[in-house]
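Q: Quick one: the structure is below, questions incoming.
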Amino acid sequence: MARLGTWIEPFPEGIYVKPADAWVDPSKAVEQALVTHGHADHARGGHGAVWATPETRAIMDVRYGQQSANPVAYGETIRVGEVEVSFVPAGHVLGSAQIILDYRGERVVVSGDYKRRPDPTCAPFVVVPCDIFITEATFGLPVFRHPDTGAEIDRLLHRLDHEPGRCVLVGAYALGKAQRVIAELRARGHHEPIFYHGAMERLCRLYEELGVSLGELRPVAGAKKEELIGKIILCPPGALNDRWSRRLPDPVTAMASGWMRVRQRARQKNVELPLVISDHCDWDELTQTIRDVAPREVWITHGREDALKHWCMLHQIKARELNLVGYEEDEEE
Ligand SMILES: [Zn+2]
Ligand SMILES: [Zn+2]
Numbered sequence: 052m053a054r055l056g057t058w059i060e061p062f063p064e065g066i067y068v069k070p071a072d073a074w075v076d077p078s079k080a081v082e083q084a085l086v087t088h089g090h091a092d093h094a095r096g097g098h099g100a101v102w103a104t105p106e107t108r109a110i111m112d113v114r115y116g117q118q119s120a121n122p123v124a125y126g127e128t129i130r131v132g133e134v135e136v137s138f139v140p141a142g143h144v145l146g147s148a149q150i151i152l153d154y155r156g157e158r159v160v161v162s163g164d165y166k167r168r169p170d171p172t173c174a175p176f177v178v179v180p181c182d183i184f185i186t187e188a189t190f191g192l193p194v195f196r197h198p199d200t201g202a203e204i205d206r207l208l209h210r211l212d213h214e215p216g217r218c219v220l221v222g223a224y225a226l227g228k229a230q231r232v233i234a235e236l237r238a239r240g241h242h243e244p245i246f247y248h249g250a251m252e253r254l255c256r257l258y259e260e261l262g263v264s265l266g267e268l269r270p271v272a273g274a275k276k277e278e279l280i281g282k283i284i285l286c287p288p289g290a291l292n293d294r295w296s297r298r299l300p301d302p303v304t305a306m307a308s309g310w311m312r313v314r315q316r317a318r319q320k321n322v323e324l325p326l327v328i329s330d331h332c333d334w335d336e337l338t339q340t341i342r343d344v345a346p347r348e349v350w351i352t353h354g355r356e357d358a359l360k361h362w363c364m365l366h367q368i369k370a371r372e373l374n375l376v377g378y379e380e381d382e383e384e
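My numbering applies: residue 52 is where the sequence shown begins, and numbers increase by one.
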């Protein structure tokens with residue numbers, strides 16, 4: 052049997068699609084780039100032509116200044132070189148896409164980052180059967196099983212209720228996680244104003260402009276200390292323990308990340324209230340997705356490749372590690 056996917060070349064800097072002369076999520080500047088989503092390790096500035104969903108394009112414009120990427124809506128098919136290219140939802144953050152590549156009867160799906168759980172801020176992951184499924188494995192170990200998101204949000208609200216003289220400061224990645232935490236809080240009936248660190252303002256506003264309602268948000272800058280008592284405040288993870296947080300009224304330090312499943316990580320960051328909320332698949336979601344997609348081969352970009360590769364082999368699916376570099380596994384932090 053002929054080898055599959057000979058037209059796709061993985062390099063440490065990204066996946067090169069030869070007959071399109073284009074790269075998927077390259078970590079270096081290239082002539083032609085297909086971008087799965089707006090996180091900094093996937094979407095970089097400085098490329099020549101870029102194709103991305105309209106939402107990812109808007110996120111890139113906010114982060115890097117005008118990029119004038121070519122917008123490709125979910126479900127639309129374009130031709131790049133000799134390859135038919137389309138984008139379908141990945142369920143990771145607003146605008147995130149799996150990129151479908153069709154060439155000479157073979158179909159390759161590059162999933163980018165993805166998750167299977169419902170997320171009120173983005174379209175759900177779509178299962179696309181294919182020959183080669185290219186997946187991440189950030190949480191690709193059986194110990195990683197993310198709890199129910201609603202239950203984690205309830206723990207946050209419970210803590211807020213039981214510490215009336217304090218505020219709860221939640222560290223959350225500024226693109227995706229922050230807006231998801233806000234939307235999940237609203238869905239659990241929390242309608243108080245939520246305060247944010249200045250670094251989150253533009254992305255929260257963009258989400259709202261793109262139709263994701265987040266309720267009443269207020270900047271911490273300018274708020275009086277008394278106003279913040281009993282409130283939820285969001286900040287980038289890096290601001291949790293820095294000088295900025297000292298002006299807050301006795302914060303309960305929380306963090307929303309899949310890595311909060313690892314106690315040592317929570318301790319290292321002085322997190323009192325670890326919230327296991329992830330925008331990546333846990334082990335069960337990864338393996339279920341491979342069952343659902345039922346590819347002939349699985350190629351694993353980064354993360355805990357070994358265990359997932361082993362699982363694939365046990366299930367008679369050929370698997371291969373690509374060892375791409377530059378995708379930060381700590382993206383969520
Ligand atoms: Zn991502
Ligand atoms: Zn990533």
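In this text, a Cβ means the ideal position worked out from N, Cα and C, and glycines have one as well.
Here the structure is a predicted model, which is why all the values come from computation and not from measurement.
Which of the three DSSP states, helix, strand or coil, is assigned to L375?
A: Indexing the sequence shown from 1 puts residue 375 at position 324. Here L375 sits in coil by DSSP.
Q: Rank C218, E259, L261 by C-alpha distance to the C-alpha of R298 and give the top, closest one.
A: Translated into positions along the sequence shown, residue 298 becomes position 247. Checking every option, the nearest Cα to that of R298 belongs to C218.
Q: At a cut of 8 Å, does the segment 268–287 reach the segment 212–232 through at least three beta carbon pairs?
A: Output reads yes: the segment 212–232 touches the segment 268–287.
Q: Quick check on the DSSP output: the beta strand (DSSP E) that includes M364 runs from which residue to which?
A: Mapped onto the sequence shown, residue 364 falls at position 313. Taken as a continuous stretch (DSSP letters only), M364 belongs to no beta strand (DSSP E), being part of the alpha helix (DSSP H) at 356–365.
Q: Count the other CB atoms within 10 Å of the CB of L365; is the residue buried (16 or more) or exposed (fewer)?
A: Taking the first residue of the sequence shown as 1, we reach residue 365 at position 314. L365 should be labelled exposed.
Q: Determine the direct distance from the alpha carbon of E106 to that of P77, and round the result to whole angstroms.
A: As a first step, residue 77 must be located in the sequence shown, where it is residue number 26. As a first step, residue 106 must be located in the sequence shown, where it is residue number 55. So the two alpha carbons sit approximately 19 Å from each other.
Q: Considering Cα atoms alone, identify which of L373, V327, Q315, I368 is closest to A305.
A: Along the sequence shown, one-based indexing puts residue 305 at 254. Checked all of L373, V327, Q315, I368; the closest Cα to A305 is V327.
Q: Can you list the alpha helix (DSSP H) stretches of 4 or more residues lying completely in the segment 141–213, in chain order?
A: Whole alpha helix (DSSP H) segments, 4+ residues: 200–213.
Q: Under the rule that 16 or more other beta-carbon atoms within 10 Å means buried, what is G65, buried or exposed?
A: Position 14 of the sequence shown, counted from the start, is the residue given in the question as residue 65. With 16 or more Cβ atoms within 10 Å of its Cβ, G65 is classed as buried.
Q: Measure the C-alpha to C-alpha separation of Y224 and W74 and round it to an integer number of angstroms.
A: For this step, residue 224 is matched to residue 173 along the sequence shown. For this step, residue 74 is matched to residue 23 along the sequence shown. The straight-line gap from Cα to Cα measures roughly 26 Å.
Q: Give me, in chain order, the residues of the same chain whose beta-carbon lies closer than 6 Å to that of G188; leave out the 5 immediate sequence neighbours on both sides.
A: Residue 188 sits at position 137 when you count from the first residue of the sequence shown. According to the sequence as given, residue 188 is Ala; it is not Gly. Same-chain partners within the cutoff: I351, G354, R355, E356, L359.
Q: If you run the structure through DSSP and keep just helix, strand and coil, what is P288?
A: Counting from one through the sequence shown, the residue named residue 288 turns up at place 237. If DSSP states are grouped into helix, strand and coil, P288 belongs with the helices.
Q: Are there 16 or more other CB atoms within 10 angstroms of the CB of V194, so buried, or fewer, so exposed?
A: On the sequence shown, residue 194 is found 143 positions in, with the first residue counted as 1. It is exposed - the Cβ of V194 has fewer than 16 other Cβ atoms within 10 Å.
Q: For S137, list the residues DSSP reports as bridge partners.
A: Your numbering for residue 137 matches position 86 in the sequence shown. Its beta-bridge partners are T128, I151.
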